[in-house]
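Here's the structure we're looking at; comments come further down.
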Amino acid sequence: MIEVSGLTKTYGTVTAVDALSFGVAPGEVLGLVGPNGAGKTTTLRCLCGIINPTVGNIRIADHDLRTDGPRAKATLAFVPDEPQLFDYLTVDEHLKFVGRLYGVADAADRAPRLLEELELTDKRRALPGELSRGMKQKLAIACGLLHRPRALILDEPLTGLDPAGIKKMRATIADRAREGAAVILSSHLLHLVEELCTRLLVIRKGRCVALGTLPEIVATRPDLAGQSLEDIFLSLTA
Amino acid sequence: MTGTAGALAFLIAHTTRNRIARQLGRLKSPRYAIAAIVGLLYFWLVFARPGAVGRNPGTVGTSPVLGTVGGIGFAITVLVWWLRGGVTGALAFQPAEVQLLFPAPVSRRTLIGYKVIRSQLLLLLSGLIWTLLTRRWGVTLSAPLRFATIWGFFSVLSLHRLGTALVMTQPLTGGRRAALYAGRALAAAAAFGLLAGVGPVVLRLRTLGFEEGFRALGAALAAPPAAWALAPFRLMLAPLYAPSLAAWVPAFAIVLGVILLHLVWVLSLNVAFEEVAATASADMAKRISAFRERRAGGAAVIRPGKAVRSWLPLAPLGQPAVAIVWKNTVALIRTGILRAALMVVLVLVAMSGVMMRAADNGGPATAIPFLILAGMAFVLGPRMVRNDLRQDLLSLASIKTYPLSGAMVVLAEMASPTLVLSVFQFAMLAMAYVMLPAAYRVVVDLPSTLAIGLVLPFAILAINAASVGVQNAVALLFPTWVRLGADSGGIEAIGQTLVVTIGSMLVLLLSLVLPVGAAVTIATVLRPTVGGIGVAVGAAVGVIALGIEVGFLVGGLGALFERTDPTSIG
Chain A
2 MIEVSGLTKT
12 YGTVTAVDAL
22 SFGVAPGEVL
32 GLVGPNGAGK
42 TTTLRCLCGI
52 INPTVGNIRI
62 ADHDLRTDGP
72 RAKATLAFVP
82 DEPQLFDYLT
92 VDEHLKFVGR
102 LYGVADAADR
112 APRLLEELEL
122 TDKRRALPGE
132 LSRGMKQKLA
142 IACGLLHRPR
152 ALILDEPLTG
162 LDPAGIKKMR
172 ATIADRAREG
182 AAVILSSHLL
192 HLVEELCTRL
202 LVIRKGRCVA
212 LGTLPEIVAT
222 RPDLAGQSLE
232 DIFLSLTA
Chain B
890 MTGTAGALAF
900 LIAHTTRNRI
910 ARQLGRLKSP
920 RYAIAAIVGL
930 LYFWLVFARP
940 GAVGRNPGTV
950 GTSPVLGTVG
960 GIGFAITVLV
970 WWLRGGVTGA
980 LAFQPAEVQL
990 LFPAPVSRRT
1000 LIGYKVIRSQ
1010 LLLLLSGLIW
1020 TLLTRRWGVT
1030 LSAPLRFATI
1040 WGFFSVLSLH
1050 RLGTALVMTQ
1060 PLTGGRRAAL
1070 YAGRALAAAA
1080 AFGLLAGVGP
1090 VVLRLRTLGF
1100 EEGFRALGAA
1110 LAAPPAAWAL
1120 APFRLMLAPL
1130 YAPSLAAWVP
1140 AFAIVLGVIL
1150 LHLVWVLSLN
1160 VAFEEVAATA
1170 SADMAKRISA
1180 FRERRAGGAA
1190 VIRPGKAVRS
1200 WLPLAPLGQP
1210 AVAIVWKNTV
1220 ALIRTGILRA
1230 ALMVVLVLVA
1240 MSGVMMRAAD
1250 NGGPATAIPF
1260 LILAGMAFVL
1270 GPRMVRNDLR
1280 QDLLSLASIK
1290 TYPLSGAMVV
1300 LAEMASPTLV
1310 LSVFQFAMLA
1320 MAYVMLPAAY
1330 RVVVDLPSTL
1340 AIGLVLPFAI
1350 LAINAASVGV
1360 QNAVALLFPT
1370 WVRLGADSGG
1380 IEAIGQTLVV
1390 TIGSMLVLLL
1400 SLVLPVGAAV
1410 TIATVLRPTV
1420 GGIGVAVGAA
1430 VGVIALGIEV
1440 GFLVGGLGAL
1450 FERTDPTSIG
C-alpha cells in the first residue's frame, strides 16, 4: 500500500532524511520512532506530498506520488501533530468541505457518526476558535477518517487528547488497520507504539537504524534481548 | 533598586532593550532592510521633508476651533466610558505578565504602578508620531512643546481610562459604588449640558444654512451650559493651541497637575482586578494576534461565537475544487467584508437618491459614486479581498495533501475573490447606468449594445483574474514578503506594504500591455467600418489574450505550488 524507496530530503547541506526505504502493507501499523530532530516529521510530510523528496520514490496505493499526486493523495489521510483547521468553517462545515474534496458520497451519513464517535456532536456548529486543543485534534482526525483512507499517516495523533479520547483513538487506529488500511504512526509514546504497531522503523539523524517487528530487531542486535522497548529505543538511537 | 520594584524595572528595561535589539538585528536581512528603508523614505516624504508642513501654518495651531472640536471628541469619549462602560481593556496585561506576575508576591498597587510605567513607552511613541503628524497639519508650537502637550493629553486619557476601569470592576463595594454613581451623575450632567446647548441650534440648522448654522453652533458651544460641560476637556487641550510659550507654560502646568491627581487616584484604588484583567488580557491577546495575522497577510479573523449558519450551499459530490471556492467564499461572508460592501452600496444608493431629487435630477453626478466604487474595487479590491492563497498560506501543509493538482488548487483559490469582485463591479457599473438620468445616457445602436454587454462581464472577469493572480503570484513567489512575520511592525511593515503594492501594480500593468494593445488596435481598425461592434470585437480579442495570460499564470503558479515547501513560509 505504501512503498518508499531511497527517500532522501536535503536542505542545503543538511540531510534531514537519508535514503529511507520501507513498505507498509494493508492492515499493517508501522511505528515510526526516533529522537527529536531524527527526521520523522520530514519523512511523514514527504509521504503526504507536502514536501517533495530530493531523491527517491513514494507510491501510495500503486500511484506514484510525484507523477500521479492527486490519485495517490485521494487514498491517504494525514493527521498532523498540530491540527490545521480553517478559522472560518464550523465543525460541520469542515466535514462537508472534506467530503466534497474527496468525493465521499455518503458524507452526510458518515459525518454525524464520526462526530458522535469523537464526541464532537455538541460542537458541530462551533468554529475552531471555540474548541479546545483536544477537540481541534479530534476534528482533524474526523476530517482524516471521513473518506475511509487506505493509507493513514499519523504524526503524534494523541497530543492534546484526554484519557477517554486517547482510548478511543487507540481503538480507532486498530479498527482502521483491521479494515485494511496501511497505517504509519509516529509517536514518542512508546507504550502506544508497542501496543498498536506491528512493525517498527527506528530512525536517527534521518537514517534507518532498525526496521521490522520487535523480535526481528532484537534478532539483529542480540545485546538488546530481554530489554524493554524504551531501553531498546535508547540503545538504538544513542 | 531591590525587591519587587527592582524585578519589574529589570523586566521593563530588558524587554524594551531586547525588542529594540531584535528589530535592529532583523535589518541584517535584506527584505527587512529594504522594507525599513522604503518605510523611512515614505515617512520622510510625508511628514518630515522640508515643505511638508501644511499650507497655512498657524491657522490650526492658534484656532480655538481645535479646542472646541477636540474637546467635543474628548468629552464624548470620556462620557461614553462612564455611561456605557466597556473599558476593561484598560486592565489588560500581556499573557506572560498574567502568568508570572499575578501569582507572584506583588501587591496590586505595584502591579498598577507597573502597568502605568509600561504604558508610558507606548504613550511616548504615540506622542512622537503625533508630533510629526501635527507638524504636517500646521500646528505652530515648536516640536518639543508639541510633543510634551500630546504626551500630556494621552497620559490623562490613558490614566482616566484605567481609573474608570478600576472603579467599575465588579463586585462594587461601598466607596467605589459611590464613586461610580458620582462619576455617572457628572457624566450625565455634562452630556445633558452639551445637548441642551447644542440641540436647539442643530434643530434649526436647515433654516439657518451652512455658514449661519456653523456660527450659531460655535456660539452655542462657547456659552453655558455647553461651555461648562466642555471646560475640563478644553483645558486638557489648551496647551496645543497656546499662541505663545508664556501662554503654554500655565496651560501645561494644569495638565501636569491633572496627571498627578490621576496617578494618586489609580494608585489609591485597591481593587481586586485580577480576574477582570486576566479576561481582558486574553481578549487583548486574541485581538492583537488577529490584527497581526491580518496585517501579515492573512484574512480577517473571526471572533469566536460569531459563527452564523452559512447560507451558501455545497453539493456533496462534484468537482472537488469547488469545495475550495466554497470554503473561501464562506470565509468572506464570515469576516464581514460582504456586509460592509453592502452597507457602502446602500449609502451610495441613498446619496444618489438625494441627488436625483435635486432641481436638475442630479445630472451625471448621480452615477459618479457607483463609478468611483467600481474603480476603487478594480484598484484596491484584489489587495483587500484576500480569501485565496494569501489567506491559506499558513495552511499550505494541509492544502498540499488535497487530491488536486497544483494548478487546480491555484485556480480554485483565485476563483472566489475574482468572482466576488467581478459581480460587485458589474453591479456597480449597472447601478451607475440605471441611476444616470436618461438624458445623459450615450445612445448606441442595439447590436453594439448587445456586443458590448456580452464582452463586458468577461472583460471584468479577466482583469480581476489577472489582478488576483498577480497578488497570489507575489504570495507564492515571495511568501516572506507578503508575510514578513506576525511580530514585524512599524516602519518595516509600512515599507513592506509599499514595496508589495507598487511591485504588484507594475506587474499587472505589464500584463495588460499586450491585451489592451491588441484590443485598441483591432477596435481602431474595425470601428470606421462596423461601428460599435468593432469596439466589442477588439475588447473580445483583448479579453481572450488576457485570459491566455491568466492561464499561463495559473499553470506556472500550480507548478510552483507543488514545489513550495510550507516550512519556507514563516
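Chains as they are written, first to last, in the working numbering: chain A, 2 to 239; chain B, 890 to 1459. For each residue, glycine too, the CB sits at the ideal point set by N, CA and C.
- Across the set B:Pro1033, B:Thr904 and B:Trp970, the C-alpha of B:Thr904 shows the shortest separation from the C-alpha of Gln983 (chain B).
- For Ala20 (chain A), same chain residues with a beta-carbon under 6 angstroms away, outside a window of 5 residues either side, are Gly7 and Thr9 in chain order.
- Following the DSSP letters along the chain, one finds Cys47 (chain A) inside the alpha helix (DSSP H) bounded by residues Lys41 to Leu48.
- A residue is called buried when at least 16 other Cβ atoms come within 10 angstroms of its Cβ; Gln1314 (chain B) meets this threshold and is buried.
- Membership of Asp110 (chain A) in the alpha helix (DSSP H) is indicated by the continuous run Ala108 to Glu118.
- In terms of CA proximity to Ile1288 (chain B), A:Cys49 leads the group A:Pro27, A:Thr14 and A:Cys49.
- Each of B:Ala1161, B:Thr1096, B:Lys1175 and B:Asn1361 was checked against the Cα of Leu1278 (chain B), and the nearest Cα belongs to B:Asn1361.
- At a beta-carbon threshold of 7 angstroms, the residues of chain A lying near Tyr1291 (chain B) are Lys74 and Leu102, ordered along the chain.
- With a cut-off of 8 angstroms on Cβ pairs, the segment 1056-1065 of chain B is not in contact with the segment 1008-1017 of chain B, counting fewer than three such pairs.
- A straight-line Cα-Cα distance of about 9 angstroms links Leu1021 (chain B) and Arg1035 (chain B).
- Annotation for Arg67 (chain A): no alpha helix (DSSP H) segment contains it, and DSSP assigns it neither H nor E.
- Here the alpha carbons of Leu86 (chain A) and Leu1201 (chain B) stand approximately 19 angstroms from one another.
- Taking 7 angstroms as the CB threshold, Lys10 (chain A) stays off the interface with chain B.
- Per the coordinates, the alpha-carbon of Phe79 (chain A) lies some 12 angstroms from the alpha-carbon of Thr44 (chain A).
- Ranked by Cα distance from Val1409 (chain B), the first of B:Arg1452, B:Gly1431, B:Val1419 and B:Ser1241 is B:Gly1431.
- Remark: three or more beta-carbon pairs, one from each stretch, lie closer than 8 angstroms, so the segment 120-138 of chain A and the segment 160-178 of chain A are flagged as touching.
- Contacts with chain B at 7 angstroms (Cβ-Cβ) include Lys97 (chain A).
- Pairing Tyr931 (chain B) with Gly1384 (chain B), the inter-Cα distance amounts to about 8 angstroms.
- In the DSSP assignment, Cys144 (chain A) falls within the alpha helix (DSSP H) that extends over Arg134 to Leu146.
- The beta carbon of Gly1447 (chain B) sits closer than 8 angstroms to the beta carbons of Ser1294, Gly1295, Ala1296, Met1297, Val1298, Val1299 and Leu1300 from its chain, once the five residues preceding and following it are set aside; these are given in chain order.
- Relative to Thr221 (chain A), the option among A:Glu29, A:Leu155 and A:Leu237 whose CA is nearest is A:Leu237.
- With contact defined as three or more Cβ pairs closer than 8 angstroms, the segment 1317-1329 of chain B and the segment 98-117 of chain A are not in contact.
- Around the beta carbon of Ile1352 (chain B), 16 or more other beta carbons lie within 10 angstroms, which makes this residue buried.
- For Phe23 (chain A), the enclosing beta strand (DSSP E) has its first and last residue at Val15 to Val25.
- The beta-carbon distance between Ile1039 (chain B) and Trp1019 (chain B), rounded to whole angstroms, is 5 angstroms. This is short enough to meet the 8 angstroms contact definition.
- Secondary structure of Ala78 (chain A) (DSSP, three-state): strand.
- For Pro71 (chain A), a Cβ of chain B is located within less than 7 angstroms of the residue's own Cβ.
- Contact between the segment 63-76 of chain A and the segment 216-231 of chain A is absent: fewer than three C-beta pairs spanning the two stretches fall below 8 angstroms.
- If you look at Gly1207 (chain B), you'll find it isn't in any beta strand (DSSP E); DSSP assigns it neither H nor E.
- Among the CB atoms of chain A, one or more fall inside 7 angstroms of the CB of Ser1284 (chain B).
- With contacts defined as CB atoms closer than 7 angstroms, Leu147 (chain A) and Leu96 (chain A) qualify as a contacting pair.
- It is roughly 44 angstroms from the alpha-carbon of Thr1224 (chain B) to the alpha-carbon of Glu29 (chain A).
- With contact defined as three or more Cβ pairs closer than 8 angstroms, the segment 975-989 of chain B and the segment 1075-1092 of chain B are not in contact.
- Unbroken alpha helix (DSSP H) runs of no fewer than 4 residues, entirely contained in the segment 1092-1159 of chain B, are found at 1094-1097, 1099-1111, 1115-1126 and 1134-1157, following chain order.
- Residues of the segment 48-67 of chain A with a C-beta atom less than 8 angstroms from some C-beta of chain B are Cys49, Gly50, Ile51, Ile52 and Asn53, listed in chain order.
- Taking 8 angstroms as the upper bound for CB-CB distance, Leu132 (chain A) and Lys124 (chain A) are in contact here, some 6 angstroms apart.
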